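Colleague: Numbering (the working numbering), first residue to last: -7 to 182. Take a look at the following structure, please.
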DNA sequence: GATAAGATTAACT
DNA sequence: GTTAATCTTATCC
């Protein structure tokens, strides 16, 4: 498989569409490999009031001001981790939230991590995905070209992309920055 | 130093 | 449809 081309992530919105269909591969400490296909993303950039980078660089968001193609991971609502791919050139704070994915490999491990059986509930939301793949602050700033967390280009792009407004935010609610694969059953609801 | 809100989820009524 | 869970960060005294 071919690793992603990070130059495609310079523009957050284009990057969010580029990541659809890509394979996210997680190698766990004790051996098992989990892989999922990205089916839903949202883009955020520095002039966007809904972005964590809107008010400039801080210890929390510093990864997004670094090289594109790294992991920006944040903790929210006192209990959830969310996983993003950094975007934009160095010095410009942008990122792409991975909202949902389709389980491909290691579904048994994901079910164990999520403590549920239903395949359709394993990774159909940003915090669910992070929990299923055991993603937390230890992977903050991780270069996604290296194990234990990597992203590969898809074999083909035989799918249609739908563009809409984002979910679960209160600022810049009219911005079209959410993208998902049409008809995919693992796209989050709401 | 204190407080309010948050790129969510699951469990209720 | 509504709400609790639970804690970090940013913002404002």
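Glycine included, every Cβ here is placed at the ideal spot set by N, Cα and C. Fair warning: this is a prediction, and the values are worked out from it, not measured in the lab.
Since residue 245 and residue 85 are thought to touch, with beta carbons under 8 Å apart, how far apart are those beta carbons, to the nearest angstrom?
Modeller: Nothing in the structure corresponds to residue 245, since the chain is present only between -7 and 182.
Colleague: For residue 101, does the three-state DSSP call read helix, strand or coil?
Modeller: Here residue 101 is taken as the residue at index 109 of the first chain, counted from 1. Helix.
Colleague: Given a threshold of 16 other Cβ atoms within 10 Å of its Cβ, counted over all protein chains shown, does residue 96 qualify as buried or as exposed?
Modeller: Stepping through the first chain from its first residue, residue 96 is reached at position 104. Exposed, because fewer than 16 other Cβ atoms sit within 10 Å of the Cβ of residue 96.
Colleague: Enumerate, from N- to C-terminal direction, the unbroken alpha helix (DSSP H) stretches of 4 or more residues contained entirely within the region 80 to 147.
Modeller: Listed in chain order, the complete alpha helix (DSSP H) runs (minimum 4 residues) inside the region 80 to 147 are 99 to 106, 118 to 124.
Colleague: What are the boundary residues of the beta strand (DSSP E) that residue 10 is part of?
Modeller: As a working note, residue 10 is residue 18 in the first chain. From DSSP, residue 10 is part of no beta strand (DSSP E) but of the alpha helix (DSSP H) over 4 to 11.
Colleague: From which residue to which residue does the beta strand (DSSP E) around residue 168 run?
Modeller: One-based indexing of the first chain puts residue 168 at position 176. Taken as a continuous stretch (DSSP letters only), the beta strand (DSSP E) holding residue 168 covers 168 to 173.
Colleague: Taking residue 30 and residue 12 to be in contact with their CB atoms under 8 Å, please state how far apart those CB atoms are, rounded to whole angstroms.
Modeller: On the first chain, residue 30 is found 38 positions in, with the first residue counted as 1. On the first chain, residue 12 is found 20 positions in, with the first residue counted as 1. Contact holds; Cβ gap of about 6 Å.
Colleague: If you reduce the DSSP assignment to three classes, tell me which class residue 63 lands in.
Modeller: What you label residue 63 is simply residue 71 of the first chain in a count that begins at 1. If DSSP states are grouped into helix, strand and coil, residue 63 belongs with the strands.
Colleague: Given this structure, state the Cα-to-Cα distance separating residue 90 from residue 66, to the nearest angstrom.
Modeller: As a first step, residue 90 is located in the first chain; it is residue number 98 there, counting from the start. As a first step, residue 66 is located in the first chain; it is residue number 74 there, counting from the start. Approximately 12 Å, taken between the alpha carbons.
Colleague: In terms of residues, what are the limits of the beta strand (DSSP E) holding residue 25?
Modeller: By 1-based counting over the first chain, the position of residue 25 is 33. It spans 25 to 36 - the beta strand (DSSP E) in which residue 25 sits, taken as one unbroken run.
Colleague: Pick from 60, 19, 40: whose alpha carbon is nearest that of residue -1?
Modeller: The residue labelled residue -1 in the question sits at position 7 within the first chain. The shortest C-alpha separation from residue -1 is found at 60.
Colleague: Would you list the residues sitting across from residue 153 in a DSSP beta bridge?
Modeller: Translated into positions along the first chain, residue 153 becomes position 161. Partner(s): 173.
Colleague: Taking one C-beta from the region 150 to 161 and one from the region 47 to 57 each time, how about it: are there three or more such pairs within less than 8 Å?
Modeller: At 8 Å Cβ cutoff, the stretches do not touch.
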